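Under our numbering, the first residue of the sequence shown is numbered 598, with each subsequent residue one higher.
Reading through the structure tokens given below for one structure.
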Amino acid sequence: MRIAFLSSSRGWGGLERNLQRYATWMKDAGHEVEISAVPQSPLAHAVLESDLPLRLIPRQRRYLPIKAGFALKNHLLANRFDALWIRDPRDLPLSAMATRNIPCDLIFQQGMQIPNPKNAPWHRARFAAVRHWVCPLECLREEALKNTPLRPEQTKVISLALEDSWFESKTNQTIARKTWDLPEKAPIVGLFGRIDALKGHADLLHAIAEPNAADWHALIIGENTPNARGVDQLEALKKRAIELNIANRVHWKPPSENLQSAYDCCDAYAMCSASETFGMVTIEAMARRVPVVGTDAGGTPELLGNGSKGQLYRAGNHKQLASSLENREKWPLPTSEQLAQFQRSVAVKQWQDLLMHSR
Numbered sequence: 598m599r600i601a602f603l604s605s606s607r608g609w610g611g612l613e614r615n616l617q618r619y620a621t622w623m624k625d626a627g628h629e630v631e632i633s634a635v636p637q638s639p640l641a642h643a644v645l646e647s648d649l650p651l652r653l654i655p656r657q658r659r660y661l662p663i664k665a666g667f668a669l670k671n672h673l674l675a676n677r678f679d680a681l682w683i684r685d686p687r688d689l690p691l692s693a694m695a696t697r698n699i700p701c702d703l704i705f706q707q708g709m710q711i712p713n714p715k716n717a718p719w720h721r722a723r724f725a726a727v728r729h730w731v732c733p734l735e736c737l738r739e740e741a742l743k744n745t746p747l748r749p750e751q752t753k754v755i756s757l758a759l760e761d762s763w764f765e766s767k768t769n770q771t772i773a774r775k776t777w778d779l780p781e782k783a784p785i786v787g788l789f790g791r792i793d794a795l796k797g798h799a800d801l802l803h804a805i806a807e808p809n810a811a812d813w814h815a816l817i818i819g820e821n822t823p824n825a826r827g828v829d830q831l832e833a834l835k836k837r838a839i840e841l842n843i844a845n846r847v848h849w850k851p852p853s854e855n856l857q858s859a860y861d862c863c864d865a866y867a868m869c870s871a872s873e874t875f876g877m878v879t880i881e882a883m884a885r886r887v888p889v890v891g892t893d894a895g896g897t898p899e900l901l902g903n904g905s906k907g908q909l910y911r912a913g914n915h916k917q918l919a920s921s922l923e924n925r926e927k928w929p930l931p932t933s934e935q936l937a938q939f940q941r942s943v944a945v946k947q948w949q950d951l952l953m954h955s956r
């Protein structure tokens, strides 16, 4: 198949990273792929550094992108693409317009929640154009069916996934901690990813400041959200750690591509986001066999089996998080069979079946 991937985003988060990841996987599976991205965007730069074909597009207007829609339609027809694959809701109006009445399936790989109803006439037209609406979790599929005009036969659940290497044997913890310059004996809880107010870093700091979690150290890897305005969240958190008298127990590290060994340093992982749609860090921690405690919001409860594959706590309740850390030995872990759905090889097969059966 010939698959066109498209994103008009200027950001560099899960939506964009996973779009490039799945384009790579589809190429490796034998499909011809292309990524359309905005000039100077992080996605465009990342594609240029890969072996994927890049097509530069202007950042179109979100509503009634008529000119851009016709241009995209002509491009899809001229290059005989079988499918257009998007992830960002911002790109849905454009893509629905471009794929209407041509032999090119519109695939939407959902990455965000849909908390509010979308049933206006223009919503119905957009959602009707989607051939496959693929959700990473069943709770997101149910929400999409409730709040949009999508029909059940348009929807399918295929989890986001990781390279199979994530599921290989762990690095010896002592060696991993030397690599990351971390204390050898202290219990360490990790929290990785971009830093902003909704990611819950402050909850973790307050939790390990509680008397019943006073032996815990925190490994925090990440940087401020790119292009974010206002407060420097990283510096604010460092000041908070000093105020809580825990600065010597918080280990700040910049983003790294070598996160597998970082997880191997940890005795626990904390998913503290107020409401994470699908936490890649959650499945990364589980793949490395690190016990996870996560908030009872967004897609995290389903990822943690509603408490059967990890521990849940109420979002924003740092005292409950501290109590969970105190009782880490009681946290459940997922089985190897339960983790299989998060492996690249399994996910690619599911996508292959979906794409081939739709032709």
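Where is the CB? At the ideal position from N, CA and C, for every residue including glycine.
Quantities reported herein were computed from a predicted structural model and do not represent experimental measurements.
Q) Per DSSP, aspartate 702 is paired with what? A) Ala680
Q. Quick one: Cα of glutamate 854 to Cα of proline 718, how far?
A. 44 angstroms
Q. Are glycine 790 and glycine 827 close, meaning C-beta to C-beta below 8 angstroms?
A. no
Q | Option nearest methionine 598 by Cα separation, candidates Glu613, Ser604, Lys624, Leu616 | A | Lys624
Q. According to DSSP, is threonine 771 helix, strand or coil?
A. If DSSP states are grouped into helix, strand and coil, threonine 771 belongs with the helices.
(Q) On the CB-based measure, 16 or more other CB atoms within 10 Å of its CB, does proline 851 come out buried or exposed? (A) exposed
**Q.** Simplified DSSP assignment, three categories, for methionine 883
**A.** helix
Q. Rounded to the nearest angstrom, how far is the Cβ of glutamate 807 from that of alanine 919, given a contact under 8 angstroms?
A. Correct: roughly 4 angstroms between the Cβ atoms.
Q.
For the beta strand (DSSP E) containing methionine 868, name the first residue and the last one.
A. 865 to 868
Q) Near leucine 651, what residues of its chain come up, given a Cβ to Cβ distance below 7 angstroms and the 5 sequence neighbours on each side ignored? A) Ile632, Ala634, Ala641, Val644, Leu645
Q) For histidine 544, which of helix, strand or coil comes out of DSSP? A) Any answer about residue 544 is impossible in this case: the structure gives the chain only from 598 up to 956.
Q) Sorted by chain position, which residues of the same chain lie with C-beta nearer than 8 angstroms to leucine 841's C-beta, five sequence neighbours on each side aside? A) In the same chain as leucine 841, and ignoring 5 residues on each side of it, the C-beta atoms closer than 8 angstroms to its own belong to Leu802, His803, Ala806, in chain order.
Q: With 8 angstroms as the threshold, decide whether the Cβ of glutamine 917 is near any Cβ in chain B.
A: Absence of chain B from the displayed structure is noted, only one protein chain being present.
Q: Compare the Cα-Cα distances from aspartate 829 to each of Tyr860, Leu816, Asp793, Cys863 and report the closest residue.
A: Asp793
Q: Give the secondary structure of glycine 891 by DSSP, where H, G and I count as helix, E and B as strand, and everything else as coil.
A: strand
Q) Taking DSSP as the reference, what is the three-state secondary structure of alanine 717? A) coil
**Q.** DSSP-derived helix/strand/coil call for glutamine 707
**A.** coil
Q.
For isoleucine 843, which residues in the same chain have their Cβ closer than 7 angstroms to its Cβ, ignoring the five residues on either side in sequence?
A. Leu802, Ile805, Ala806
Q.
Going by C-alpha to C-alpha distance, which of Ile880, Gly797, Ala865, Trp948 sits closest to alanine 833?
A. Ranking the options by Cα distance to alanine 833, first place goes to Gly797.
Q | Through-space distance from lysine 753 to glutamate 899, alpha-carbon basis | A | Here the C-alpha atom of glutamate 899 lies approximately 16 angstroms from the C-alpha atom of lysine 753.
**Q.** Supposed contact pair leucine 612 and phenylalanine 602 - C-beta distance, whole angstroms, cut 8 angstroms
**A.** No, phenylalanine 602 and leucine 612 are not in contact; Cβ-Cβ is about 12 angstroms, not under 8 angstroms.
Q.
I'd like to check one pair, glycine 902 with glycine 891: are the Cβ atoms closer than 8 angstroms?
A. no
Q. With a Cβ-Cβ cutoff of 8 angstroms, do serine 606 and serine 647 count as a contact?
A. no
Q.
Only counting the same chain, and skipping five residues up and downstream in sequence, which positions put a Cβ closer than 6 angstroms to that of valine 887?
A. Tyr860, Cys863, Tyr866
Q: Starting from the N-terminal side, write out each stretch of the alpha helix (DSSP H) that is 4 residues or longer and does not extend beyond the stretch 633 to 680.
A: 639 to 645, 663 to 675
Q: Starting from histidine 798, trace the alpha helix (DSSP H) both ways and give me its first and last residue.
A: Element bounds for histidine 798: 798 to 806.
Q) When the Cα atoms are used, what is the spatial distance from alanine 871 to alanine 626? A) 36 angstroms
Q) Opposite arginine 599 in the DSSP bridges: which residues? A) Glu629
Q. Apart from the five residues just before and just after proline 636, which ones in its own chain have a Cβ nearer than 7 angstroms to its Cβ?
A. Leu653
Q.
Starting from valine 731, trace the beta strand (DSSP E) in both directions and tell me its first and last residue.
A. 729 to 732
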